[in-house]
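So the sequence lines, in the order shown, correspond to chains A, B, C and D. Heads up: the first sequence is residues 539 to 765, going by the numbering used here. Heads up: the second sequence is residues 539 to 765, going by the numbering used here. Heads up: the third sequence is residues 539 to 765, going by the numbering used here. Heads up: the fourth sequence is residues 539 to 765, going by the numbering used here. By construction, the Cβ of each residue, glycine as well, lies at the ideal position given by its N, Cα and C atoms. One structure is given below, encoded as structure tokens.
Number of protein chains: 4
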Amino acid sequence: MNQPALSGKRILVTQADVFMGPDLCTVLAEHGADVIADTQAMHSPHAPAAALAQAGDIDALVINLAVPAPTSLATEASDAEWNDTFAALVHPLHRLVRAALPAMIARRSGKILLMGSASALRGMKRASTYSAARGAQLSYIQSVGVEVAPHQVQVNAIAQNFVENPTYFPPEVQANPKFQQRLAREVPLGRLVGAREDAAFAAYLCSDAAHCFVGQVFPVCGGWVAR
Amino acid sequence: MNQPALSGKRILVTQADVFMGPDLCTVLAEHGADVIADTQAMHSPHAPAAALAQAGDIDALVINLAVPAPTSLATEASDAEWNDTFAALVHPLHRLVRAALPAMIARRSGKILLMGSASALRGMKRASTYSAARGAQLSYIQSVGVEVAPHQVQVNAIAQNFVENPTYFPPEVQANPKFQQRLAREVPLGRLVGAREDAAFAAYLCSDAAHCFVGQVFPVCGGWVAR
Amino acid sequence: MNQPALSGKRILVTQADVFMGPDLCTVLAEHGADVIADTQAMHSPHAPAAALAQAGDIDALVINLAVPAPTSLATEASDAEWNDTFAALVHPLHRLVRAALPAMIARRSGKILLMGSASALRGMKRASTYSAARGAQLSYIQSVGVEVAPHQVQVNAIAQNFVENPTYFPPEVQANPKFQQRLAREVPLGRLVGAREDAAFAAYLCSDAAHCFVGQVFPVCGGWVAR
Amino acid sequence: MNQPALSGKRILVTQADVFMGPDLCTVLAEHGADVIADTQAMHSPHAPAAALAQAGDIDALVINLAVPAPTSLATEASDAEWNDTFAALVHPLHRLVRAALPAMIARRSGKILLMGSASALRGMKRASTYSAARGAQLSYIQSVGVEVAPHQVQVNAIAQNFVENPTYFPPEVQANPKFQQRLAREVPLGRLVGAREDAAFAAYLCSDAAHCFVGQVFPVCGGWVAR
């Protein structure tokens, strides 16, 4: 127990400057990881493979993809909104996983963790485009997880909501009394999950302690969904 | 109880010649519905709105979208495969719902039922692209269902697997002894769900008896998933 | 489609005078069933087998068990409260199923439907005793359903909440403004599910149309839980 | 990160000599905890409160309850089997939680972790009695978790299956070729989860890092269930 849990692990974090990126990098490093903080946008079809190539050998890939969540009604959601959301959240996921897996499979070791969303697990108003994209992510992870488990590679997801982060809960949202009421009413925890709490769980899921998890979706949302 | 449950209901079924389409049309009509069987491909961005416009006033929209399921590994899945699958299953869903909702909301009545897939609920090997697309569908339905419930419009989904249909379980697959063993091993029902059983449940969910369901996902898969 | 769906079916409803009992009996009969409305209390170890014996041959058993839900905190729940709740909801379930199955298995046909509760699927304050008992019910049904499916016997459950019934939502509760606010806030449907809507779904699950469902839990709760 | 995660924590483990008990005690201690290993049987109504009283102040309670799982069919399960299983797994749970909570609520800090079972989440043949008891456990935890979250007390559960332990998977079972085939077929991980892997996750859920989890059920079963 004297070694930090991620000592000697090279971990690539995507879009390291947005969403959970900064806290992930800090907390993973505190657990001993050698963090490669990639800040490229991931929209371009070639960015995912390039990010992996630049990172070199890695032990874990933390897929952190974010986009300001559209809040249009389903009747108003434009094709552009739809396409942009999938271009930001969904298409890069498959390209990142496709680029990362071969080396992991070859050496029979590796972990991929998606920072996904619980909005895929429970319906919300004005969130249909976003929920759809986040739903694609979780179901993808479940199937890839089962597929690569025999190669000793673990692919899992956190499904978060009501976690402190600058993309979805910037200070002005947190300060809004209406938001505070919503939090008290809808989130059994009674507060936002701290960014560092979420990142610490991500660190656990990147460590050797998590060899046993296969294509699993872990809600981190203060009890907003239970399973 | 003397009237058939769908008597007087105009129901639009998309891609009525593939997947569950033929059985849906037959069974919905047997329950008294006036079925509009649309056989257009839904890839084109304009097809969904056109199908709705051609159908005129409808009481229910049954979204039946299918594509031969890719069986590549996650490491092999090409961008073309990915894009084609989403173009067939995901993007038309949002366009169909967007086109159908305004009239339903205006008259405070209407039902949308997606013929979705349980492959979004449980991981499977060589199914990552398909699972991702089907996952987008279910999470989208959950959020739209919650959003439009106050307008007395019901949006729900069947999440099927191991249901008899020519797209995924053609006779040659059903006849394959390996498939029969898989069925015996993985599906507690011990047989494929009949196409007419699935369509009868769809008919129930299109009827006035189903006013109480909101953004709900109903597995129809012979016990392959339980919830 | 000319025959009512339950024509010729003998269906035993337990505790037919409480909870969903009266509406179940009415609606099942409207669908053509020959309803045996048993009004015995089910606490006694011998009551379940006696009820089955008195009913004679049946096609379906609808297990309707209710008890006023305790509202104590977990710190206050007495052993007496705990034991009484399990005596009312849990122990009779296993005795009823055990008594009903042999004849169904012998003739390779039969259905058992539990009127269960969604309180087992999502945490609620001041509901721990009740949730525990309702959770035992649902998990039991899942396993028995899988076990007896090869015998052509179907065992399933409705997991209801926010369904109109005199046991849990008597008129004075429904008239309470605080309850109405809670309904608006927590239940996407925006109203209680009607007792007849719930009973109609139960009728569907007792009909031959439902041969394909195995150990499945169907939420009926106005969107309070989605899966 | 220099301090072990459970340094200074007093943790009571029940039935410390069976099921996950020995590995829990070892691993929790390796993480720095001061472990109170209680080996009393928990059937007696007074044992739970006595165990808590003897333990004195604790930071966490790990509820480890086990009984050889009955394998009778639902048609054969005797009242004695049913009552014994609930007496071993269910009734002590509520008594342990009731005894542990007041002190935790008073000092606004504490964790309760149930070592539950995934057999409550997915149906299995010849497991109805056991599934029912395990289902009561999980639903109870969900509701208590929500209830006590405002007091800064966290109550959660692991839902395990296919985890190495002497109670359910003794060496002779593991050595059985039929069991090995079942493992290969049904468990995506392709092996039993190690007892130490499971215990390490329990240690995480007892640490301050897990303040954010509320009434949550975490499957640990090698992918046998995904959510």
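Within chain D, partners of residue i - CB distance below 9 Å
i                      : result
residue 597 of chain C : Here the premise fails: no neighbours, minimum Cβ distance about 18 Å.
Amino acids of chain A, ordered along the chain, whose beta-carbon sits closer than 7 Å to that of residue i
i                      : result
residue 764 of chain C : 660, 661
residue 636 of chain B : 612, 613, 615
residue 640 of chain B : 613
Interface partners of residue i on chain D, CB under 7 Å
i                      : result
residue 583 of chain C : 617
residue 672 of chain C : 677
residue 654 of chain A : Chain D residues near residue 654 of chain A: none, gap ~12 Å exceeds 7 Å.
Listed by chain order, chain C residues near residue i by CB distance under 7 Å
i                      : result
residue 723 of chain A : 723
residue 735 of chain B : 747, 749, 750
residue 742 of chain D : Simply none; closest approach about 21 Å.
residue 647 of chain D : Here the premise fails: no neighbours, minimum Cβ distance about 16 Å.
residue 680 of chain B : 764
Nearest residue (CA-CA) to residue i, options the options
i                      : options                    : result
residue 726 of chain A : D:765, D:747, D:684, D:737 : D:684
residue 587 of chain A : A:631, A:609, A:623        : A:631
residue 668 of chain C : C:580, C:743, C:619        : C:619
residue 654 of chain D : D:570, D:564, D:548, D:737 : D:737
residue 602 of chain C : C:561, C:595, C:572        : C:561
residue 741 of chain B : B:581, B:590, B:579, B:598 : B:598
residue 591 of chain D : D:711, D:708, D:637        : D:637
residue 634 of chain C : C:572, C:551, C:711, C:563 : C:551
residue 572 of chain A : A:579, A:584, A:595        : A:595
residue 627 of chain C : C:615, C:733, C:608        : C:608
residue 652 of chain D : D:719, D:734, D:754        : D:754
residue 697 of chain A : B:677, B:710, B:713        : B:677
residue 584 of chain C : C:707, C:629, C:734, C:719 : C:629
residue 735 of chain B : C:711, C:600, C:747, C:568 : C:747
residue 666 of chain C : C:617, C:563, C:566        : C:617
residue 750 of chain D : A:559, A:733, A:751        : A:733
Chain-ordered chain C contacts of residue i [CB-CB under 8 Å]
i                      : result
residue 754 of chain B : 757, 761, 764, 765
residue 517 of chain B : Any question about residue 517 of chain B goes unanswered here, given that chain B covers just 539 to 765.
Same chain, Cβ closer than 8 Å to residue i, neighbours up to 5 away in sequence not counted
i                      : result
residue 691 of chain B : 639, 642, 643, 646, 647, 648, 649, 650
residue 547 of chain A : 570, 571, 572, 597, 598, 744, 745
residue 549 of chain B : 566, 571, 572, 573, 574, 596, 597, 598, 599, 600, 744
Beta-carbon separation (whole angstroms), residue i vs residue j, contact threshold 8 Å
i                      : j                      : result
residue 675 of chain C : residue 658 of chain C : 7 Å
residue 764 of chain D : residue 661 of chain B : 6 Å
residue 694 of chain A : residue 756 of chain A : 7 Å
residue 671 of chain A : residue 623 of chain A : 5 Å
residue 688 of chain D : residue 728 of chain A : 6 Å
residue 543 of chain A : residue 745 of chain A : 4 Å
residue 581 of chain D : residue 615 of chain D : That belief does not hold up - the Cβ atoms of residue 581 of chain D and residue 615 of chain D are roughly 19 Å apart, past 8 Å.
residue 701 of chain A : residue 731 of chain A : 4 Å
Contact set for residue i: own chain, Cβ-Cβ below 7 Å, skip 5 residues either direction
i                      : result
residue 611 of chain D : 664
residue 699 of chain A : 655, 656, 657, 759, 762
residue 686 of chain A : 639, 643, 693
residue 508 of chain B : Chain B is shown from 539 up to 765; residue 508 of chain B falls before or after that span and cannot be answered.
residue 539 of chain A : Interpretation of residue 539 of chain A is limited by its pLDDT of 48, a score under 50 that renders its predicted location unreliable; no figure is taken from the coordinates.
residue 720 of chain D : none
residue 724 of chain C : 762
residue 579 of chain A : 585
Same chain, Cβ closer than 6 Å to residue i, neighbours up to 5 away in sequence not counted
i                      : result
residue 557 of chain A : 602, 604, 703, 705
residue 577 of chain D : 554, 555
residue 541 of chain D : none
residue 567 of chain C : 573
residue 563 of chain D : 551, 554, 573, 575
residue 717 of chain D : 711
Under 8 Å from the C-beta of residue i: neighbouring residues of chain D
i                      : result
residue 594 of chain A : Near residue 594 of chain A there are no residues of chain D at all, since even the closest Cβ is about 25 Å away, more than 8 Å.
residue 664 of chain C : 685
residue 731 of chain A : 750
Residue i: contacting residues in chain B (beta-carbon distance under 9 Å)
i                      : result
residue 606 of chain A : Result: empty, since nearest Cβ-Cβ is about 17 Å, beyond 9 Å.
Within chain A, partners of residue i - CB distance below 8 Å
i                      : result
residue 627 of chain B : The premise fails here: residue 627 of chain B is roughly 10 Å from chain A at the closest Cβ pair, so nothing lies under 8 Å.
residue 738 of chain D : 747
residue 727 of chain D : 687, 750, 752
Cross-chain neighbours of residue i in chain B, by beta carbon under 8 Å
i                      : result
residue 669 of chain A : 677, 678, 680, 681
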